[in-house]
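Residue numbers (the working numbering): 80 to 453.
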């Protein structure tokens with residue numbers, strides 16, 4: 080494919096982006112409808128759109144979208160060949176919104192990680208951890224503790240169309256999200272609550288870690304997301320769960336006391352900005368403050384549902400101070416019945432763990448854990 084069709088398609092997608100239609104959704108709509116496009120062609124268009132948003136503040140906004148896309152692609156090629164060609168000061172000033180410097184340390188390694196293409200990670204069901212990587216090929220084992228079932232895929236196949244995916248033998252799941260499941264370390268036969276389950280990626284991981292024994296309550300405020308969870312669970316042959324809506328309020332969906340609760344809370348998603356660069360320019364400091372209040376509220380509402388000795392795990396795919404330490408510190412102070420739980424399964428001696436994108440080649444993630452005193 081020549082560069083012109085790529086940029087023409089990418090420009091059409093950019094024109095469809097709006098406050099109600101973010102770039103990743105516009106890409107799914109446009110490319111999903113193009114049945115004749117090869118996977119390599121879809122990747123080229125996606126890469127062009129995301130490069131545009133990574134290098135947005137370097138582009139001449141008076142030029143045509145096609146010209147801006149070409150300029151962004153050239154900047155991406157130069158950066159990939161020599162990351163040091165772009166000064167750290169320029170990245171700090173142009174690659175992220177101005178408000179971010181008040182929320183986290185903009186280190187050179189972090190900033191450069193934002194300008195690279197993200198890694199593609201898969202999580203294989205334990206039973207098929209040997210056969211699936213061999214069948215797919217181009218798989219490299221993840222570092223501990225995800226080693227064994229987590230793999231980085233570097234091939235060119237459309238994984239969604241693979242026989243192994245259609246049979247539910249693996250999920251496309253970022254390594255940082257896999258680490259959340261390992262932080263929970265659920266045991267077979269336990270009862271867990273995935274309080275903000277979304278479309279069920281972490282619910283399915285908990286089920287696999289529990290060997291499909293015990294029970295998982297999966298709740299979310301979105302009926303659409305729960306419907307997707309049920310479809311994914313059916314494909315993966317996961318049945319030890321119960322899904323129902325919960326709006327995050329004080330009226331809980333059950334009086335059950337749990338061995339473990341995961342609050343994978345709604346957040347600003349700053350940790351996903353390598354994978355979703357458009358979000359850099361739509362997320363605001365006000366969003367961060369509002370979400371931090373919601374996160375603290377969710378933790379307060381679920382804390383009473385722990386059994387003595389039960390574990391509470393808080394996870395957000397963001398690195399902002401407002402949504403991490405500024406949430407867990409007041410929560411811990413308000414709940415003396417809880418005590419910090421070292422995240423030993425992640426190799427940590429303390430009860431908090433930060434997945435740095437440049438260290439793990441994954442989304443940024445913050446994880447904290449407590450246990451209810453016996």
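Heads up, the beta-carbon is just placed ideally off N, CA and C, and yes, glycines get one too.
Whole-number beta carbon distance between residue 221 and residue 424, since they are thought to touch under 8 Å
Within the chain shown, the letter at position 345 stands for residue 424. Within the chain shown, the letter at position 142 stands for residue 221. At roughly 14 Å, the Cβ-Cβ gap does not stay under 8 Å, so residue 424 and residue 221 are not in contact.
Problem - Simplified DSSP state of residue 241, which is helix, strand or coil - result: Along the chain shown, read from residue 1 onward, the residue named residue 241 stands at position 162. Reduced to three states, the DSSP call for residue 241 is coil.
Inter-residue spacing [alpha-carbon to alpha-carbon] between residue 393 and residue 447
Numbered from 1 along the chain shown, position 314 holds the residue referred to as residue 393. Numbered from 1 along the chain shown, position 368 holds the residue referred to as residue 447. Roughly 5 Å separates the two Cα atoms.
Check your understanding: Measuring CB to CB, does residue 252 end up less than 9 Å from residue 284?
Key -> As a working note, residue 252 is residue 173 in the chain shown. As a working note, residue 284 is residue 205 in the chain shown. Result yes, Cβ atoms of residue 252 and residue 284 sit closer than 9 Å.
Alpha-carbon to alpha-carbon, residue 107 and residue 95: Sequence index remark: in the chain shown, residue 95 carries index 16 (1-based). Sequence index remark: in the chain shown, residue 107 carries index 28 (1-based). Going from the Cα of residue 95 to the Cα of residue 107 covers about 12 Å.
Q. Got a sec? Which residues, its chain only, sit under 6 Å from residue 158 by beta carbon, not counting five neighbours each side?
A. Position 79 of the chain shown, counted from the first residue, corresponds to residue 158. Within the same chain, residue 158 has close Cβ partners 165 and 194.
_Between the stretch 337-351 and the stretch 363-383, can you find at least three pairs of beta-carbon atoms closer than 8 Å?_
yes
Subject >> Close beta carbons around residue 118, own chain, < 8 Å, minus the five adjacent residues each side >> reply: As a first step, residue 118 must be located in the chain shown, where it is residue number 39. So the qualifying residues of the chain are 235, 236 and 237.
### Query
For the 8 Å Cβ check, are there 3 or more pairs between the stretch 169-176 and the stretch 192-212?
yes
Q. Bridge partners of residue 444, per DSSP?
A. Here residue 444 corresponds to residue number 365 of the chain shown, with the count starting at 1. The partner list for residue 444 (beta bridge, DSSP) reads 434.
Please confirm whether residue 314 and residue 245 have their CB atoms less than 9 Å apart. Looking up residue 314 in the chain shown gives position 235. Looking up residue 245 in the chain shown gives position 166. Yes, the pair counts as a contact, with Cβ atoms nearer than the cut-off.
Which runs of the beta strand (DSSP E) spanning at least 3 residues fall entirely within the stretch 394-427, listed in chain order? 417-419
*So, are the CB atoms of residue 127 and residue 175 less than 9 Å apart?*
What you label residue 127 is simply residue 48 of the chain shown in a count that begins at 1. What you label residue 175 is simply residue 96 of the chain shown in a count that begins at 1. Cβ distance not < 9 Å, so residue 127 and residue 175 don't count as in contact.
Residue range of the alpha helix (DSSP H) that residue 195 falls in?
-> Indexing the chain shown from 1 puts residue 195 at position 116. Where residue 195 is concerned, there is no enclosing alpha helix (DSSP H), given that its DSSP letter is neither H nor E.
Exercise for the section: Give every residue of the same chain whose Cβ lies closer than 7 Å to the Cβ of residue 229, excluding the five residues on either side of it in the sequence, and list them in chain order. Expected result: As a position in the chain shown, residue 229 is number 150, starting the count at 1. Excluding sequence neighbours, residue 229 sits near 200, 202, 221, 254 and 257.
Let me make sure I understand the geometry here. Which of 88, 382, 400 and 296 has the alpha-carbon closest to that of residue 414? Position 335 of the chain shown, counting from 1, holds the residue named residue 414. The option with the nearest alpha carbon to residue 414 is 382.
Within a Cβ cutoff of 6 Å, which residues of the same chain sit near residue 231, ignoring the five residues on either side of it in sequence? To locate residue 231, count along the chain shown from 1; it is residue 152. Cβ neighbours of residue 231 beyond the five flanking positions: 198, 200 and 219.
ask   = Does the beta-carbon distance from residue 145 to residue 102 come in below 9 Å?
value = The residue labelled residue 145 in the question sits at position 66 within the chain shown. The residue labelled residue 102 in the question sits at position 23 within the chain shown. Contact: no.
| task | Would you give the residue range spanned by the beta strand (DSSP E) that residue 324 belongs to? | result | Along the chain shown, read from residue 1 onward, the residue named residue 324 stands at position 245. Its beta strand (DSSP E) spans residues 320-324.
| request: Can you tell me the Cβ-Cβ gap for residue 189 and residue 387, rounded? I've got them flagged as a contact below 8 Å. | output: Within the chain shown, numbered from 1, the residue matching residue 189 stands at position 110. Within the chain shown, numbered from 1, the residue matching residue 387 stands at position 308. 40 Å between Cβ atoms; not a contact.
inquiry  = Taking its Cβ as the centre, do 16 or more other Cβ atoms sit within 10 Å of residue 402, making it buried, or is it exposed?
reply    = Walking along the chain shown from the start, residue 402 turns up at place 323. The residue in question, residue 402, is buried, as its Cβ has 16 or more Cβ neighbours within 10 Å.
Item to complete: Evaluate contact between the stretch 268-288 and the stretch 298-312, counting only Cβ atoms and requiring at least three cross-stretch pairs below 8 Å.
Response: yes
Spatial distance of residue 37 from residue 156 (CA atoms)
Given a span of 80 to 453 for the chain in the structure shown, any question on residue 37 remains unanswerable.
Rounded straight-line distance, which links the Cα of residue 360 to that of residue 323:
Your numbering for residue 323 matches position 244 in the chain shown. Your numbering for residue 360 matches position 281 in the chain shown. Spanning the two alpha carbons is a distance of roughly 34 Å.
With the cut-off set at 9 Å, would you say residue 288 and residue 264 are in Cβ contact?
In the chain shown, residue 288 corresponds to position 209, counting from 1. In the chain shown, residue 264 corresponds to position 185, counting from 1. In contact: residue 288 and residue 264 (Cβ atoms closer than 9 Å).
Inset, instruction - Identify whether residue 90 lies in helix, strand or coil by the three-state DSSP scheme. - result: Along the chain shown, read from residue 1 onward, the residue named residue 90 stands at position 11. Reduced to three states, the DSSP call for residue 90 is helix.
- [ ] Spell out the partners DSSP gives residue 132 in its beta bridges.
- [x] Residue 132 sits at position 53 when you count from the first residue of the chain shown. BP columns for residue 132 are empty, so no partner.
Legend entry - Contacting residues, own chain, Cβ-Cβ under 6 Å from residue 187 (five flanking each side not counted): Mapped onto the chain shown, residue 187 falls at position 108. Excluding residues within five positions, the ones whose Cβ falls inside 6 Å are 167.
Q) Does the beta carbon of residue 324 sit closer than 9 Å to a beta carbon anywhere in chain C? A) Absent from the structure is chain C; it holds one protein chain and no more.
Inset, instruction - Within the same chain, show all residues whose beta-carbon is closer than 6 Å to that of residue 80, passing over the 5 residues directly before and after it, in chain order. - result: Along the chain shown, one-based indexing puts residue 80 at 1. With a pLDDT of only 45 at residue 80, under 50, the local geometry of the prediction cannot be trusted, and no value is derived from it.
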